[in-house]
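Numbering (our numbering), first residue to last: 577 to 832. Using N, Cα and C, we set each Cβ at its ideal position, and we do this for glycine too. Contents: one structure, followed by commentary.
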């Protein structure tokens, strides 16, 4: 699974890691319960801050091996450097990272994600852009809708099994809630109200990647996050979902 970010044209300075990040014991699970709890809290805060800074929405449980000699901004933006500090020669073990992710999920700061679905999403984006359909925007729109539908299916399966899964892929990464779905929903409705677009219909892609939202913080929302945001909007009475009768895919979202 590859981490997913919303990129902008602005080149960011390297993320300002806190001092504790260069403290070797920070990368080793502490045996004292109180110290371990503080360590979990510090890691969760670091992950949220890092993902907010680079607008990362997903993180992988599998930590890249080797060293990052180029120290490129691409690696930073993908989250590949977050759990491996080459400066002090320390890397989180997968078992410890899983516990950190579990802590974040249990505290509403993240959600487990199926890495196979996320990988398929990225593969589809690549193949679609290469085929060149009616237009690049139409291709991206369709790809986003299909990705949204995959996460919707996964969500329904998890609900039927009370959120439990025996699949390793279903817990191979996380969606990071550096803003919770309720906050994203509020940002979207504030924008709709301020721009007088009540009653307008948007495709999912238009809502998060259209020209009109490029300066909005909710631009580039991961489809798994948008799925939960739409649920909040519908429950608040601020949106209704329109589906294509032939495909069953979400055709649009009418803002109320």
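Self-check item: Segment contact flag, the stretch 788 to 806 with the stretch 677 to 686, C-beta cutoff 8 Å, min 3 pairs
Solution: no
Quiz item: For residue 785, which option in 593, 767, 720 has the closest C-alpha, if you only look at C-alpha atoms?
Solution: Along the chain shown, read from residue 1 onward, the residue named residue 785 stands at position 209. Comparing Cα positions, the closest option is 720.
Exercise. Check whether the stretch 723 to 734 touches the stretch 754 to 774, counting contact only when three or more Cβ pairs, one atom from each stretch, lie closer than 8 Å.
Key: no
Quiz item: Grouping DSSP H, G and I as helix and E and B as strand, with all else coil, what is residue 796?
Solution: Mapped onto the chain shown, residue 796 falls at position 220. Reduced to three states, the DSSP call for residue 796 is coil.
Quiz prompt | Sheet register partners of residue 688 (DSSP bridge) | solution = In the chain shown, the residue the question calls residue 688 occupies position 112. Answer is 750.
Quiz prompt | Backbone CA spacing between residue 810 and residue 666 [nearest angstrom] | solution = As a working mapping, residue 810 is identified with position 234 in the chain shown. As a working mapping, residue 666 is identified with position 90 in the chain shown. Those two C-alpha atoms are separated by around 45 Å.
Exercise. Could you work out which residue in 796, 789, 783 is closest to residue 815 when comparing CA atoms only?
Key: As a first step, residue 815 is located in the chain shown; it is residue number 239 there, counting from the start. Minimum Cα distance to residue 815 is reached at 783.
Quiz item: Got a sec? Which residues, its chain only, sit under 8 Å from residue 620 by beta carbon, not counting five neighbours each side?
Solution: Position 44 of the chain shown, counted from the first residue, corresponds to residue 620. Here the set comprises 676, 679, 680, 683, 685.
Self-check item: Three-way DSSP call (helix, strand, coil) for residue 778 in this model
Solution: As a first step, residue 778 must be located in the chain shown, where it is residue number 202. Looking at residue 778 - three-state DSSP - the assignment turns out to be strand.
Quiz item: What is the DSSP secondary structure of residue 815, counted as helix, strand or coil?
Solution: As a position in the chain shown, residue 815 is number 239, starting the count at 1. Reduced to three states, the DSSP call for residue 815 is strand.
Exercise. Could you tell me the distance, in whole angstroms, from the CA atom of residue 717 to the CA atom of residue 598?
Key: In the chain shown, counting from the first residue as 1, residue 717 sits at position 141. In the chain shown, counting from the first residue as 1, residue 598 sits at position 22. Rounded to whole angstroms, residue 717 to residue 598 spans 42 Å at the Cα level.
Exercise. Locate the beta strand (DSSP E) running through residue 826, then write down its first and last residues.
Key: Taking the chain shown and counting its residues from 1, the one referred to as residue 826 is at position 250. 826 to 831 is the span of the beta strand (DSSP E), which, as asked, contains residue 826.
Practice problem: Tell whether a beta-carbon distance below 9 Å holds between residue 826 and residue 763. | Solution: As a first step, residue 826 must be located in the chain shown, where it is residue number 250. As a first step, residue 763 must be located in the chain shown, where it is residue number 187. Going by C-beta atoms, residue 826 is not nearer than 9 Å to residue 763.
Quiz item: Nearest-angstrom Cα distance between residue 601 and residue 722?
Solution: If you number the chain shown from 1, residue 601 lands on position 25. If you number the chain shown from 1, residue 722 lands on position 146. Going from the Cα of residue 601 to the Cα of residue 722 covers about 43 Å.
Quiz item: Alpha carbon to alpha carbon, what distance is there between residue 773 and residue 819?
Solution: For the purposes of this step, residue 819 is taken as residue 243 along the chain shown, with counting starting at 1. For the purposes of this step, residue 773 is taken as residue 197 along the chain shown, with counting starting at 1. Cα-Cα distance, rounded: 20 Å.
Quiz item: Is DSSP giving residue 662 helix, strand or coil here?
Solution: The residue labelled residue 662 in the question sits at position 86 within the chain shown. The answer is coil: DSSP assigns residue 662 none of H, G, I, E or B.
Quiz item: When DSSP labels each residue in this structure, what does residue 632 get in the three-state scheme?
Solution: Within the chain shown, residue 632 is the residue found at index 56, counting from 1. If DSSP states are grouped into helix, strand and coil, residue 632 belongs with the strands.
Exercise. Go ahead and label residue 806 buried or exposed: buried means 16 or more other beta carbons lie within 10 angstroms of its beta carbon, across all protein chains shown.
Key: Taking the chain shown and counting its residues from 1, one reaches residue 806 at position 230. Counting Cβ neighbours within 10 Å, residue 806 comes out buried, since at least 16 surround it.
Self-check item: Bounding residues of the alpha helix (DSSP H) (the contiguous stretch that carries residue 637)
Solution: Translated into positions along the chain shown, residue 637 becomes position 61. Residue 637 -> no alpha helix (DSSP H), and no H or E assigned at all.
Quiz item: What residues match up with residue 667 in a beta bridge as DSSP calls it?
Solution: Counting from one through the chain shown, the residue named residue 667 turns up at place 91. Looking at the DSSP assignment, residue 667 forms a beta bridge with 660.
Quiz item: According to DSSP, is residue 587 helix, strand or coil?
Solution: Start at 1 with the first residue of the chain shown, and residue 587 comes out as number 11. It is coil, neither helix nor strand.
Exercise. Please state whether DSSP places residue 822 in a helix, a strand or coil.
Key: Within the chain shown, numbered from 1, the residue matching residue 822 stands at position 246. If DSSP states are grouped into helix, strand and coil, residue 822 belongs with coil.
Self-check item: Residue burial classification, residue 702 (beta-carbon count within 10 angstroms, cutoff 16)
Solution: On the chain shown, residue 702 is found 126 positions in, with the first residue counted as 1. Low confidence applies to residue 702: its pLDDT is 39, below 50, so where it sits in the model is not reliable, and the reading given next is rough at best. Under this definition residue 702 is an exposed residue.
Quiz item: Near residue 795, what residues of its chain come up, given a Cβ to Cβ distance below 8 Å and the 5 sequence neighbours on each side ignored?
Solution: Translated into positions along the chain shown, residue 795 becomes position 219. Result list for residue 795: 582, 784, 785, 789, in chain order.
Quiz prompt | Option nearest residue 832 by Cα separation, candidates 769, 751, 791 | solution = Position 256 of the chain shown holds residue 832. Taking only the C-alpha atoms, the option nearest residue 832 is 769.
Quiz item: For residue 724, which three-state DSSP category applies?
Solution: The residue you call residue 724 lines up with position 148 of the chain shown. Looking at residue 724 - three-state DSSP - the assignment turns out to be helix.
Quiz item: Is the CB-CB distance between residue 751 and residue 659 below 9 Å?
Solution: Here the question's residue 751 lines up with position 175 in the chain shown. Here the question's residue 659 lines up with position 83 in the chain shown. Not closer than 9 Å, so no.
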